Amino acid sequence: MALVYEKPAAQESASSSSALAAQIELNPPAQAGASGSTGAPEPGNARERRAPGIGPTLSGDAADEVKSQVFARLDPLDAAGFTRMGRPRPGEWLSSFRESPQPMELYRMQRPVRPTPERRTIVLQPLGEFTPGQRKVLESMREYAEVFFQLPARLERTMPFPRGDEALEEQLVRIVPVGQRHGSYDRQYRAETILDRMLKTHLPADAVVYLGITMEDLWASNLAYVFGLGSFKDRVGVYGLCRYYPEFWGRARGPGDELKGLHRSCKVLNHEAGHMFGLSHCVFFHCSMNGSNSLPETDAAPIHFCPVCQRKLAWNIGYDPLKRFDALEAFYRAQGLSEDADWMKARIGNWKNLLDKQAVVEEEE
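Going by this note's numbering, the sequence shown runs without a break in its numbering and finishes at 365.
If you want it as structure tokens, here you go:
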């Protein structure tokens, strides 16, 4: 999902922030309500595309300098367990699309969406039909949203796709040609129409973000398919989960497929909701906020936020990182995601050592 940036107000200009943020030139929003997407350009398989003319522009030596400064400020205990991004291999996201670093100073200048006392709930909106097993995945996603973002999360009653309005259905649905179909999926739903005609008009008053979730296949603009699409101005997004499960590909579900589907669903939730809280694609570490050109590249990325992205989210929401890490370990353990739970346990140990180290420094000062 691409990110829309706004120029800072006069009182938050580059002159009142660090030189690190001042190195990056901000572009104005491409249009009101501009949105990013995850998916494949016709006829390729890219997971995400950056909207043209949106985002900070920085490349080459200047981008490397910003990244070097960010790395230099990180304590090794905070960065433990994470791998820095290297040169992309052919076919990977960064081999095809330019991304600029988003340091903390720039993130704060861009005034991301933040919770307020009246508007602090993550609302998940099921769209279309769900089996009992799929409803169980939705409830796990709701729990995960609550744990990951340390905010209340609610699962709404299912909203059906509209029927009987021929003009709306013409905008919303397209039939997939026979030779391009997967399994029994013979139609796709246009993500922009879902945002404009289904979600924006039903945005709950207490929602900091309102996220539609469907088991239908999605497409958007000139993209053959998308996993998700969001409107940052309107705080709404939609995700399609069908491609995360073997039934879409015409296969029967086997051992491990259900857990893999849940893992992918949680990953797309934290990635796309992270965008809606203002985080751009991460170019610092291998991280859940990395862009991806394919499902295999998405699977290869960790489910965790790197220390740079975690710091942005902690500033935005104001949570206690240690409390969040403990809750994430418990969630992963309860869901059978033992590898992620063990990784988080190690992260907790490093974080406690970092807190002890900082306490010693403060005492010496």
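Glycine included, each C-beta is placed from N, C-alpha and C at the ideal position.
Here the structure is a predicted model, which means the values were calculated and not measured.
query: So does the stretch 215-225 actually touch the stretch 140-157, counting three or more Cβ pairs closer than 8 Å?
result: no
- prompt: What residue does the beta strand (DSSP E) around Ile122 start on, and which one ends it?
  reply: 121-127
message: If you follow the beta strand (DSSP E) that Val238 is in, where does it begin and where does it stop?
response: 236-240
- prompt: Comparing alpha-carbon positions, which option in Cys266, His182, Pro162 lies nearest Val137?
  reply: Cys266
query: Among Asp206, Gly81, His182, which one has its Cα closest to the Cα of Ile122?
result: Asp206
field: Residue environment, Asn222, which counts as buried when at least 16 other CB atoms sit within 10 Å
entry: exposed
task: Would you kindly report the start and end of the unbroken alpha helix (DSSP H) that includes Ile348?
output: 338-364
message: Can you look up His182 in the DSSP assignment and give me helix, strand or coil?
response: strand
message: Could you tell me the alpha carbon to alpha carbon distance between Arg243 and Thr131, rounded to whole angstroms?
response: 16 Å
- prompt: Can you list, in chain order, the residues of its chain whose CB lies under 7 Å from that of Met276, leaving out five sequence neighbours each side?
  reply: Val113, Val209, Gly230, Phe232, Arg235, Gly237
CB-CB length for Asn270 against Phe148, believed under 8 Å: 5 Å
Local conformation of Ala205 per DSSP, three classes: coil
Chain-order list of residues whose beta-carbon lies under 7 Å from that of Ala80 (same chain, five-residue window excluded): Asn350
message: Using a Cβ distance threshold of 8 Å, determine whether the stretch 356-365 contacts the stretch 323-338, with at least three qualifying pairs required.
response: no
field: Beta carbon of Leu93 nearer than 7 Å to that of Gly318
entry: The amino acid at residue 93 is misidentified as Leu; the sequence shows Trp. No, these two residues do not count as a Cβ contact at 7 Å.
query: So, are the CB atoms of Leu262 and Ser140 less than 7 Å apart?
result: yes
- prompt: How many whole angstroms separate the CB atoms of Leu313 and Gly254, which I take to be in contact at a CB cut-off of 8 Å?
  reply: Actually they do not touch by this definition, with Cβ atoms about 35 Å apart.
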